[in-house]
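Sequence order for the protein chains is D and B. For any residue, its number in this note's numbering is found by taking its place in the first sequence, counting from 1, and adding 10. For any residue, its number in this note's numbering is found by taking its place in the second sequence, counting from 1, and adding 10. Even for Gly, the Cβ is constructed at its ideal location relative to N, Cα and C.
2 protein chains.
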Amino acid sequence: MALDHAILVSLLERPGSGYELARRFERSIGYFWTATHQQIYRVLRRMEAEGLLDVREVAQRGRPDKKEYSVAAPGRAALSRWLHEPIEPESLRHELAVKIRGAAFDEPAALVGEVERHRRVHADRLAHYLAGQERDFTGPGAPPTDPGRELQHVVLRGGIAYERMTLDWLDDVLATLHRLAAGLPPA
Amino acid sequence: MALDHAILVSLLERPGSGYELARRFERSIGYFWTATHQQIYRVLRRMEAEGLLDVREVAQRGRPDKKEYSVAAPGRAALSRWLHEPIEPESLRHELAVKIRGAAFDEPAALVGEVERHRRVHADRLAHYLAGQERDFTGPGAPPTDPGRELQHVVLRGGIAYERMTLDWLDDVLATLHRLAAGLPPA
DNA sequence: CTTGCCTATGCAACGAGTTGCATAGCACCA
DNA sequence: TGGTGCTATGCAACTCGTTGCATAGGCAAG
């Protein structure tokens, strides 16, 4: 049910439509929680039926009308309750790691291109996060801090640390693959 | 379908029963891919029906019989095919990060205990990984390396790097929460 | 002027993953 | 001898998440 709570947090930070939420899940929130628009629309309707959200039809010029959702009092209470419950420490789902172990039963060198591709994606994400940090937190035009923004920033710092760690690890993986291809002993 | 491939890799590394696989998914393989015994049994039956796996009934003394699965030729071919296909770079599902951003709408200090609990879990995982590394790879009793073990080791190094990064980040989170509780300005 | 893209929402079907429960023999401890 | 726990497998029901498709108006480029 964590999608419910991610939506509550996002709507508390700023009310919006399903479509807008879907785009947020491709950026900021999506850095640590993903969802497709299908899931979002379905959950929004359910949460509205449960009284956790309010809806407001908003007519727009030049584009289709939208339904703007915001958090109702029971939704805020539900979030608060969840914040006081313990959650399971996350477990990874790292498909590339499965591939790397699987490469032992195939040609390890064939993975080099794939690992390099992943490395580029992570380098892009890191650049994107760093730009966001500069824009929203550390740059000259950034607004003054408040508790909410402090917490957003520490989460972003986590994303940055994750991407840096991943880049270092992928370099380690590439070095290992090249060593194996050359038939050399471990470093 | 990544569970299929994780199972193929694990069974190639060593044949075993559903029960044994379930325990591996609580340790080594489970460091980067999780699965419950339910899922494993179901997938094993399906893969056997598809001809990807062979089964052998093994009678045991003092314990129930088991079905030992091993990878059949078509299974190996399927793994090889998958290794040559690109996969999506992973996206995170980090519930704790949702909580941290949500704390802005509640009492941030109330999260301290939860974050400390997660920190302990990650410290335990790191100690566990380091012990495994010492036992299987870097210690005096470790067997000589071969390509398969080299690849297992680089994946384990990734797990170690992940846990270290996470510990550092959780320290950052705790410092941030304490700063907010004290009403102090950002560092 | 038409092809393609963006905003905006939704249905239907499927596949992946979780939770609760059930069974059953053996071992170990009090 | 009775409770607890481990090995070993499985069913049923459910929720979560993905994929493919559909609609519909407006906008911009060619």
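Contact set between Q162 (chain B) and chain D, taken where Cβ atoms lie within less than 7 angstroms
R111
Within the region 19-93 of chain B, ranges of the beta strand (DSSP E) (whole runs, at least 3 residues)
63-68, 76-81
Suppose only complete runs of 4+ residues qualify. What are the alpha helix (DSSP H) ranges in the region 87-160 of chain D, listed by chain order?
105-112, 122-143
Check whether the Cβ of G149 (chain B) lies closer than 8 angstroms to any Cβ atom in chain D.
no
Cα-Cα separation between Y79 (chain B) and E144 (chain D), rounded to whole angstroms:
53 angstroms
Candidates B:G61, B:G26, B:I17: closest to G40 (chain B) by CA position:
B:I17
When Cβ atoms are compared, which residues of the region 162-179 of chain B fall closer than 9 angstroms to chain D?
Q162, H163, V164, V165, R167, G168, G169, A171, Y172, R174, M175, T176, D178, W179
Using only the alpha-carbon positions, how far apart do A113 (chain B) and L89 (chain D) sit?
9 angstroms
Mind reading off the beta-carbon distance from L177 (chain D) to A133 (chain D)? Whole number of angstroms is fine, and I expect it under 8 angstroms.
6 angstroms
Whole angstroms is fine: what's the gap from E126 (chain B)'s alpha carbon to L63 (chain B)'s?
44 angstroms
Which of the three DSSP states, helix, strand or coil, is assigned to M11 (chain B)?
coil
Members of the region 81-108 of chain D near chain B, C-beta cut-off 8 angstroms:
R86, L89, S90, W92, L93, H94, P96, I97, E98, P99, E100, S101, L102, R103, H104, E105, L106, A107, V108
Are any of the Cβ atoms in chain B nearer than 8 angstroms to that of L54 (chain D)?
no
Just checking, does the region 99-113 of chain B make contact with the region 13-28 of chain B on the three C-beta pairs under 8 angstroms criterion?
no
Any Cβ of chain D within less than 8 angstroms of the Cβ of Y41 (chain B)?
yes
Rounded to whole angstroms, what's the CA-CA distance from E105 (chain B) to L13 (chain D)? Just pull it up for me.
9 angstroms
Give the C-beta separation of P118 (chain D) and A185 (chain D) to the nearest angstrom, bearing in mind that I take them to be a contact with Cβ-Cβ under 8 angstroms.
The Cβ separation is near 12 angstroms, so there is no contact.
Give the single residue among B:L22, B:W43, B:H47 whose Cα lies nearest to the Cα of E30 (chain B).
B:H47
Buried/exposed call for G123 (chain D), threshold 16 Cβ in 10 Å
exposed
Distance, G61 (chain D) Cα to A171 (chain D) Cα
38 angstroms
For T148 (chain D) and E160 (chain B), what's the separation of their Cα atoms in angstroms?
41 angstroms
Is G72 (chain D) buried or exposed, if buried means 16 or more other CB atoms sit within 10 Å of its CB?
exposed
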